[in-house]
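Visitor:
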Amino acid sequence: MIKLIVSDIDGTLVPDGTDQIDPEMFTLIKRMKEYGIKFAGASGRQYVSMRKLFAPVRDDIYYITDNGSILRDKNKVYSMNVIERDVLFELIRDVKKLDNCDIMLCGLDTAYCEDKSEMFLWMRDSYKYNIKVLGDFERYLEDDIVKLSIYKKDTVEQEVMEWFYPKWKDRFVIASAGTMWMDIVNPGADKGSALKILMKELGLKKEEVMAFGDNINDLGLLQAAGESYAIGSAREEVKNAAKHIAPPLSEYGETIAIREFLDKNF
1 MIKLIVSDID GTLVPDGTDQ IDPEMFTLIK RMKEYGIKFA GASGRQYVSM RKLFAPVRDD
61 IYYITDNGSI LRDKNKVYSM NVIERDVLFE LIRDVKKLDN CDIMLCGLDT AYCEDKSEMF
121 LWMRDSYKYN IKVLGDFERY LEDDIVKLSI YKKDTVEQEV MEWFYPKWKD RFVIASAGTM
181 WMDIVNPGAD KGSALKILMK ELGLKKEEVM AFGDNINDLG LLQAAGESYA IGSAREEVKN
241 AAKHIAPPLS EYGETIAIRE FLDKNF
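Those letters in the sequence shown? Residues 1 to 266, per the UniProt record's numbering, in order.
1) Going by DSSP, which residues form a beta bridge with Ala40?
2) Helix, strand or coil for Lys200? Go by DSSP, reduced to three states.
3) Taking the Cβ atom as the reference point for each residue, do Gly107 and Ala189 lie within a distance shorter than 8 Å?
4) Can Lys147 and Val209 be called in contact, C-beta distance under 8 Å?
5) State the Cα-Cα distance for the pair Lys33 and Ile5, rounded to the nearest angstrom.
6) Quick check: the Cα distance between Leu198 and Ile145, rounded to an integer number of angstroms?
7) Report the residue from Arg124, Lys96 and Tyr63 whose alpha carbon sits nearest the alpha carbon of Met80.
8) Report the CB separation of Ser7 from Glu251 in whole angstroms; it is logged as a contact under 8 Å.
9) Verify whether the separation of the beta carbon atoms of Val160 and Met180 is less than 8 Å.
10) Taking only three categories from DSSP, how would you classify Leu221?
11) Using a Cβ-Cβ cutoff of less than 6 Å, which residues in the same chain neighbour Ile256 once the five nearest sequence positions on both sides are dropped?
12) By the DSSP assignment, the beta strand (DSSP E) with Glu227 in it spans what residues?
13) Helix, strand or coil for Leu98? Go by DSSP, reduced to three states.
14) Within the present structure, is the beta-carbon of Asn240 separated from the nearest heavy atom of the ligand GDP by less than 7 Å?
15) With 16 as the cutoff for other CB atoms within 10 Å, does Val77 come out buried or exposed?
16) When you compare the CB of Ile231 with every CB in chain D, is at least one pair closer than 8 Å?
17) Contact between the segment 37 to 55 and the segment 6 to 20 is defined here as three or more beta-carbon pairs at a separation below 8 Å; is this criterion met?
18) So, helix, strand or coil for residue 298, using DSSP?
19) With DSSP as the reference, label Lys205 as helix, strand or coil.
20) When DSSP labels each residue in this structure, what does Gly213 get in the three-state scheme?
21) To which residues of the same chain is Leu98 closer than 8 Å at the C-beta, ignoring the five residues directly before and after it?
22) Going by beta-carbon coordinates alone, are Gly192 and Leu221 separated by less than 8 Å?
23) With a floor of 4 residues, list each alpha helix (DSSP H) that falls wholly inside the segment 124 to 186, ordered by position along the chain.
24) To the nearest angstrom, how far is the alpha carbon of Tyr47 from that of Asp19?
25) Could you give the C-beta distance for Ser233 and Leu219, rounded to a whole number, given that I count them as a contact under 8 Å?
26) Any idea which residues DSSP pairs Val77 with across the strands?
27) Using a threshold of 8 Å, state whether the C-beta atoms of Leu28 and Leu262 are closer than that.
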């Protein structure tokens with residue numbers, strides 16, 4: 001029997017960069033708790049942003065944040081995978097060579113950018129991030145960083161793949177997190193690895209876990225779960241990797257799949 005349901009956020013539960021979550025999800029998470037089923041959100045988002053999104057149930061769920069670099073709940077940080085500082089600055093210098101790309105650095109509770117750009121305003125106002133304008137990273141950054149995100153509207157993947165990805169792919173996990181984002185984390189710091197840590201903490205087997213996703217950075221998450229769902233609007237690579245296809249996000253496909261699962265089994 002399923003004892004943990006874990007879900008990607010942007011593109012799976014909400015349209016990218018919004019807080020438009022189906023209110024029924026909160027009811028379903030509360031039902032799951034009554035049946036002894038736990039819920040975890042797994043996202044490229046930071047903890048602060050995710051807690052705001054899940055406000056009605058925020059103290060009852062687990063958080064896989066920053067694409068798996070951090071696993072935590074309201075009381076405890078279970079794992080945190082920090083990028084080595086000297087290499088981080090080398091990465092930053094290379095990203096700055098890309099054409100018109102913005103950089104966001106993510107720490108445990110705060111994200112950082114160098115100037116008050118369009119990206120900064122979007123992260124602050126839409127994603128509800130705790131984000132600070134820092135100025136020059138190499139001069140002012142003090143926090144430990146778990147993720148570097150590259151932002152460029154619509155063409156970021158094409159930009160990164162030309163020369164940046166071949167240079168760094170053997171040293172870091174570099175994955176698309178939507179049409180505007182490429183995320184860089186340490187090897188082993190992905191959603192699937194974080195899910196495995198959570199499963200170990202909870203004493204769960206693979207067949208007791210259900211996962212939902214839509215993008216390349218969700219593949220590890222789906223592979224770690226016994227029951228895997230690609231949302232109907234997911235990338236084809238994700239649909240091919242999943243055991244099941246839920247209806248698309250526009251129809252609140254994950255809500256439908258979880259409701260049907262609960263109605264059938266409880």
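Don't be surprised by glycine CBs; every beta carbon is placed ideally from N, CA and C.
The model shown is predicted, which means the values in this text are computed figures rather than measured ones.
Guide: Well, looking at it:
1) In DSSP, Ala40 forms a bridge with Val6 and Tyr62.
2) Residue state, collapsed to three classes: helix.
3) No, the Cβ-Cβ distance between Gly107 and Ala189 is not below 8 Å.
4) A distance of 8 Å or more separates the beta carbons of Lys147 and Val209.
5) Cα to Cα, the separation comes out at about 11 Å.
6) A direct Cα-Cα distance of roughly 21 Å separates Leu198 from Ile145.
7) Nearest option by C-alpha distance: Tyr63.
8) In this structure, Ser7 and Glu251 do not form a Cβ contact; the two beta carbons are roughly 16 Å apart against a cut-off of 8 Å.
9) No, the pair does not count as a contact, with Cβ atoms beyond the cut-off.
10) Helix.
11) For Ile256, where only same-chain residues beyond five positions count, the Cβ hits under 6 Å are Pro247.
12) Run containing Glu227: Glu227 to Ala230, per the beta strand (DSSP E) assignment.
13) Coil, per DSSP.
14) The ligand GDP is absent from the structure shown, which contains no ligands of any kind.
15) Val77 is exposed by the Cβ-count criterion.
16) Reference to chain D is not applicable here, since this structure consists of a single protein chain.
17) Yes: the two stretches touch, three or more of their Cβ pairs being nearer than 8 Å.
18) Only positions 1 to 266 of the chain appear in the structure, and residue 298 is not among them; the question remains open.
19) DSSP, read as helix, strand or coil, puts Lys205 in coil.
20) Here Gly213 sits in strand by DSSP.
21) Closer than 8 Å at the Cβ level, and outside the excluded window around Leu98, lie Ile150, Lys152, Glu159, Val160 and Phe164.
22) The answer is yes: Cβ separation under 8 Å.
23) For the segment 124 to 186, whole alpha helix (DSSP H) runs of length 4 or above, ordered along the chain, are 137 to 140, 156 to 162 and 164 to 168.
24) Computed Cα separation, rounded: 14 Å.
25) Not confirmed; about 16 Å, so no contact.
26) According to DSSP, Val77 bridges with Arg72.
27) Yes, the Cβ-Cβ distance between Leu28 and Leu262 is below 8 Å.
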